[in-house]
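Written out below as structure tokens is the structure these notes cover.
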Amino acid sequence: MEWDWALLLLTGLLAGALGSLAGLGGSIVVIPALLLFSNVFPAFSHITPTIAAGTALIIVLFTAISSTLSFAKQGRVDYRSGLFFFLGSGPGAWAGANFSRYLSADVFYILFGILIVIMSFLLRSRNKQGKRRNNRVDWKVQRVYTSADGVRYEYGYNPLLAFIISFVIGVLAGMFGIGGGVLFVPLMLLLFHFPPHLATATSMFVILLSSITGGLTHIALGHVYWWAILWLAPGAWIGGTVGAALSRRISGPLLVTLLQIIFALIGLRMIWNGITG
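All residue numbers for the sequence shown refer to numbering that gives the first Met the number 0, where the first residue is 0 and numbers rise by one.
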């Protein structure tokens, strides 16, 4: 198929833009797309769910790099909290990537579909919680952040709880090739009261670190389709940069509602594919 590169490039652009806008890694677009291509186009017929997950996690890395650089310039990354969350998510990503090779295709479809549907509900929770401001918390670790418009936020976390949850998210990220942002962001907003923009940017920083761990593990296991990486990566890089720039201009509630509908439909379709075999 002579135009497969264009299909991959466009997929990368879409994944990078949506991933950055919503604080995701973009794999929630890449994995269903690669699996769809494998069923429709002979050139992609060798792509298994495990290869799709490993390939997507490498793309997540490129999206996370471009988005984190953009967010860092805006001063929106809490590096100390991000590094602590990575202490749990890093080992978790390694464990999940290793465990993924034991999942059959049907089980992968069903579990990943369920995860996507859960993500759609978490996005709504994040959308509602994002409207809250200046929540006082009584965690062991305390943080204070003042936004560009002068709003003062107080947030924090319990180290043990944060480590355990981060590890679980890391396992899911490594197993399914997701960045984990759609799980980290609600965690930061709902449980630890991070400011919305700080949560999105810090989540992308954690995704960057976890993607390196999980991605290297998938590479060692031979779960990466490098031809797809060659075209998906530039698209994801550009899309991630554009998405980060647009994140201040697009209506958050509208974006989240659209993503909810799309993710729910994709998730239900993947569950159906797994059940019907």
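Note that beta-carbon positions come from the ideal geometry of N, C-alpha and C, so glycine has one too.
| Asked | Found |
| --- | --- |
| How is R248 classed by DSSP in three states: helix, strand or coil? | coil |
| Can you give me the C-alpha to C-alpha distance between R151 and F193, rounded to a whole angstrom? | 11 Å |
| Count the CB pairs spanning the stretch 83-97 and the stretch 257-270 that are closer than 8 Å, and state whether there are at least three. | no |
| Can you say whether V39 is buried or exposed, counting buried as having 16 or more other CB atoms within 10 angstroms of its CB? | exposed |
| So, at 6 Å on beta carbons, what are the nonlocal neighbours of A227 in its own chain, with the 5 sequence-adjacent residues on each side left out? | L7, T54 |
| Report the residue from F191, L229, G179, R248 whose alpha carbon sits nearest the alpha carbon of A63. | G179 |
| Name the DSSP beta bridge partners of Y78, please? | In the DSSP output, where bridge partners are listed per residue, Y78 has none listed. |
| Between which two residues does the beta strand (DSSP E) containing V223 stretch? | Unbroken run through V223: none, as it is neither H nor E. |
| Where does R131 sit, in a helix, a strand or coil, going by DSSP? | Confidence in R131 is poor, its pLDDT being 49 and thus under 50, which makes the residue's placement unreliable; the coordinate value appears in the next sentence. Here R131 sits in coil by DSSP. |
| Kindly list the residues whose CB is nearer than 6 Å to the CB of A92, restricted to its own chain and excluding five residues on each side of it in sequence; keep chain order. | G169, A172, G173, S209, T212, G213 |
| Closer than 8 Å is the cut-off here; do at least three beta carbon pairs connect the stretch 155-170 with the stretch 181-191? | yes |
| With three or more C-beta pairs closer than 8 Å as the rule, is the stretch 232-240 touching the stretch 112-120? | no |
| Taking the CB atoms as reference points, tell me whether T67 and F162 lie closer together than 7 Å. | no |
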